Amino acid sequence: MPPSQTRIGLPAPSRFRYSEKMELDIHDQLVYICDMIRETSQRMRGRPREFDPDDAIESAMGVFWTSGYHATSLPELLEATNLSRGSLYAAFGDKHGLFLRALDRYIADSLTRLDADLDPRKDVLDGIRACLARYVERTSGAGAKRGCLIVATAMELGSQDVEVEQRIRRFFKAMEARLATALERAKSEQRLADKVEPATAARLIMCLLEGMRVVSKTNADRSSSQAVVQTLLDRFAK
C-alpha cells in the first residue's frame, strides 16, 4: 500500500493530540512532585530537633575554651556536638552564632557562681573570701592552663567583633557591680579598713582575679595565688 494512502477504518494519527497529552501528563507529574516537596518540607519544619541544644552549646563551649575562636574548625565543632552541618546551621546560624551562645553560657555560669558566693544571706566577708578562694582553685593545677574564656575572647576578638565586645563589657560591669555591692555591705557593717572605697576596691579585685587567670596559664602556683589573695584581704578588711 502506498505511504500516502490510509487504511480504511483507521483514522490518521494525530501527532498534535499525542504531544498535547504528553505535555499534560508531564505537567501533572511536576505539580505532584512540587506538592510532595512542599508537604515534606512542612513536616520537617514541624519536627522537634533530635538533639538537646543545651548539650550542643556546652560541648561547643569546651572546644572554644580550649582552642579559641579562630583556631576552632567547623569539623571540630561537628564532632564535639555530634551534629550534622545542616543541623548546626539550622539551630545556631553558623559558627559565630554558636560561639555567641557558648560565650553567653560561660558568662551566665560565671555570674551564677559569683551570686552564690556573694549571697546577701551569708556573712559578707565570708562571701568575698569564698569568691577569692574559688578563683585560687581555678588558677591551680592542670585546669588552670585553659585560662578564662572571657579574658581569652577579649584579647582575641574584643577589638574586632562588636557583639563579642558588648557581651564582655556587660560581664565585667556586672561582676564589678556585684563586688561593689558586697563591699558596700561590709562598709555599712564597719568591716572595711579605713579609707577603702567599695567601688575602687571592687575594680581592683576584679582586675586581680582576671589577671590571676592569665598568669596561671603559664604559672599555676596555688601558694602564690593564695598569698596574693590573703594580702588583698588583709588590706581591705578589719
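Residues in the sequence shown are numbered from 1049 upward in steps of one, following my numbering.
Note that beta-carbon positions come from the ideal geometry of N, C-alpha and C, so glycine has one too.
Small disclaimer: the values here were computed from a predicted structure and weren't measured.
Classify residue i as buried or exposed, calling it buried when 16 or more other Cβ atoms lie within 10 Å of its own Cβ.
i: residue 1186; result: buried
i: residue 1121; result: exposed
i: residue 1261; result: buried
i: residue 1210; result: exposed
i: residue 1175; result: buried
i: residue 1248; result: exposed
i: residue 1201; result: buried
i: residue 1203; result: exposed
i: residue 1266; result: exposed
i: residue 1057; result: Annotation note: pLDDT 47 at residue 1057 (below 50); position unreliable, coordinate value reported separately. With fewer than 16 other Cβ atoms within 10 Å, it is exposed.
i: residue 1129; result: buried
i: residue 1207; result: exposed
By DSSP, does residue i sit in helix, in strand, or in coil?
i: residue 1287; result: Residue 1287 cannot be examined here, being either before or after the span of the chain that is shown, 1049 to 1286.
i: residue 1094; result: Bear in mind that the predicted position of residue 1094 carries a pLDDT of just 44, short of 50, making it unreliable; the figure below should be weighed with that in mind. Of the three classes helix, strand and coil, the one that applies to residue 1094 here is helix, per DSSP.
i: residue 1240; result: strand
i: residue 1119; result: coil
i: residue 1268; result: coil
Can the beta-carbon of residue i be found closer than 8 Å to that of residue j?
i: residue 1173; j: residue 1285; result: yes
i: residue 1251; j: residue 1224; result: yes
i: residue 1125; j: residue 1136; result: yes
i: residue 1189; j: residue 1268; result: yes
i: residue 1150; j: residue 1112; result: yes
i: residue 1183; j: residue 1109; result: no
Check for me: the alpha helix (DSSP H) holding residue i runs from which residue to which?
i: residue 1140; result: 1133-1140
i: residue 1259; result: 1246-1263
i: residue 1175; result: 1172-1186
i: residue 1200; result: 1197-1205
> Using 8 Å as the Cβ pair cut-off and three pairs as the minimum, do the region 1187-1201 and the region 1258-1272 touch?
Replying inline: Using a C-beta cut-off of 8 Å, the region 1187-1201 makes contact with the region 1258-1272, since at least three inter-stretch Cβ pairs fall below that distance.
> Are at least three pairs of beta-carbons, each pair with one atom in the region 1243-1256 and one in the region 1155-1170, less than 8 Å apart?
Replying inline: With fewer than three CB-CB distances shorter than 8 Å, the region 1243-1256 does not count as touching the region 1155-1170.
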